[in-house]
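Visitor: Just so you know, my numbering puts 634 at position 69 of the sequence shown, and the rest follows in order with no gaps. Heads up, the beta-carbon is just placed ideally off N, CA and C, and yes, glycines get one too.
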Amino acid sequence: MKYEHIILEIHNKIAWIKFNRPEQLNAMNALMMDEIIHALDFVNKAESNEIGVVVITGNGKAFMAGADIKEYAQQTDAQFDAFQLKGHSLYAGIENNSKVIIAAINGYAFGGGFEIALACDMIIAAAGTKMGLPEILLNLIPGGGGSLRLTKKIGINLTNEIVMTGRTILAEEMHARGVINYIYPRENFIEKATEFAQTFVAQLPDRLQAIKQLTQEAANGITPALQVKEAAALGKFYRSKEGQEKIQAFYNKSLEKK
Numbered sequence: 566m567k568y569e570h571i572i573l574e575i576h577n578k579i580a581w582i583k584f585n586r587p588e589q590l591n592a593m594n595a596l597m598m599d600e601i602i603h604a605l606d607f608v609n610k611a612e613s614n615e616i617g618v619v620v621i622t623g624n625g626k627a628f629m630a631g632a633d634i635k636e637y638a639q640q641t642d643a644q645f646d647a648f649q650l651k652g653h654s655l656y657a658g659i660e661n662n663s664k665v666i667i668a669a670i671n672g673y674a675f676g677g678g679f680e681i682a683l684a685c686d687m688i689i690a691a692a693g694t695k696m697g698l699p700e701i702l703l704n705l706i707p708g709g710g711g712s713l714r715l716t717k718k719i720g721i722n723l724t725n726e727i728v729m730t731g732r733t734i735l736a737e738e739m740h741a742r743g744v745i746n747y748i749y750p751r752e753n754f755i756e757k758a759t760e761f762a763q764t765f766v767a768q769l770p771d772r773l774q775a776i777k778q779l780t781q782e783a784a785n786g787i788t789p790a791l792q793v794k795e796a797a798a799l800g801k802f803y804r805s806k807e808g809q810e811k812i813q814a815f816y817n818k819s820l821e822k823k
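The structure is reproduced here in structure tokens:
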């Protein structure tokens, strides 16, 4: 598929999905949403020896400024409802993806842009980046799960304040609250994002996928069934050829030190 509003590139097993409407601050219209969903499906189905990790970022000075308000304002009720429902497929395409997905917030991330980042497995951001869920300022509320996912990450009280005021948040605040993993200097942000992504390329893909599934389920509560599932996954990997090789190598090295 030839994309008009995004760029999909693969370098050294890292797939880069780049929002590419810089003149519109990468605001998402219906076509762009379709393209993002298609790209997510492509990386999900790709072999792990081709793609080990996915990085989502934006071209220009924005990650994504939210929905394209010009298109938003001209939608019929049916078009609006369809756009919102399709958005759920986009966020599910991130959370249920077989690959680890990192949001690399290079610039403004508001509304749907911040919601996309919140759906990712990890978030890194350029220093001083502004973000938020400002829908209340348009007499609306977030519709892509932003307030729901943010509640899981920082709790009810703070989420209420952020969403009910629509205030702008700095990356540093989200980092302090554990939402953002790392903040990197703006001048070499992509270089640092690449280095961060390469950390996960070096790991075995099925281990990463298992951890992703377990932590997502744990976010909804730790149950006895989930603990059994985790133990079963550990047992499987312990008995695997790769697991035994690493264990034996570690054991042998410890003997050498004695």
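Take the Cβ of F815 as the centre, count every other Cβ of all protein chains shown within 10 Å, and call the residue buried at 16 or more, exposed below.
Guide: As a first step, residue 815 is located in the sequence shown; it is residue number 250 there, counting from the start. Exposed, because fewer than 16 other Cβ atoms sit within 10 Å of the Cβ of F815.
Visitor: For I579, which residues in the same chain have their Cβ closer than 8 Å to its Cβ, ignoring the five residues on either side in sequence?
Guide: Taking the first residue of the sequence shown as 1, we reach residue 579 at position 14. Hits under 8 Å: I616, G617, V618, V619, V620, T759, A762, Q763 and V766.
Visitor: Name the residue from M566, I601, R772 and A682 whose alpha carbon lies nearest to the alpha carbon of G808.
Guide: Position 243 of the sequence shown, counted from the first residue, corresponds to residue 808. Checked all of M566, I601, R772 and A682; the closest Cα to G808 is R772.
Visitor: At which residue ranges does the region 670–717 contain complete alpha helix (DSSP H) runs of 4 or more residues, listed in the order of the chain?
Guide: Runs of the alpha helix (DSSP H) inside the region 670–717: 677–684.
Visitor: I need the straight-line Cα distance from T716 to E795, nearest angstrom please.
Guide: In the sequence shown, residue 716 corresponds to position 151, counting from 1. In the sequence shown, residue 795 corresponds to position 230, counting from 1. Approximately 25 Å between the Cα atoms of the pair.
Visitor: Do N746 and I689 come within 8 Å of each other at the CB atom, strictly closer than that value?
Guide: Numbered from its first residue, the sequence shown carries residue 689 at position 124. Numbered from its first residue, the sequence shown carries residue 746 at position 181. Their beta carbons are under 8 Å apart, which means I689 touches N746 by this criterion.
Visitor: Exposed or buried, which one is T641 when buried takes at least 16 other CB atoms within 10 Å?
Guide: As a working mapping, residue 641 is identified with position 76 in the sequence shown. T641 should be labelled exposed.
Visitor: Quick check: what's the CA-CA separation for L573 versus K610?
Guide: Taking the first residue of the sequence shown as 1, we reach residue 573 at position 8. Taking the first residue of the sequence shown as 1, we reach residue 610 at position 45. Their Cα atoms are separated by approximately 14 Å.
Visitor: Using only the alpha-carbon positions, how far apart do N704 and N591 sit?
Guide: Numbered from its first residue, the sequence shown carries residue 704 at position 139. Numbered from its first residue, the sequence shown carries residue 591 at position 26. Distance between the alpha carbons of N704 and N591 is about 22 Å.
Visitor: Inspect the beta-carbon positions of E600 and I634 and report whether they are closer than 8 Å.
Guide: Mapped onto the sequence shown, residue 600 falls at position 35. Mapped onto the sequence shown, residue 634 falls at position 69. Going by C-beta atoms, E600 is not nearer than 8 Å to I634.
Visitor: Identify whether L735 lies in helix, strand or coil by the three-state DSSP scheme.
Guide: Walking along the sequence shown from the start, residue 735 turns up at place 170. The answer is strand: DSSP assigns L735 an E or B state.
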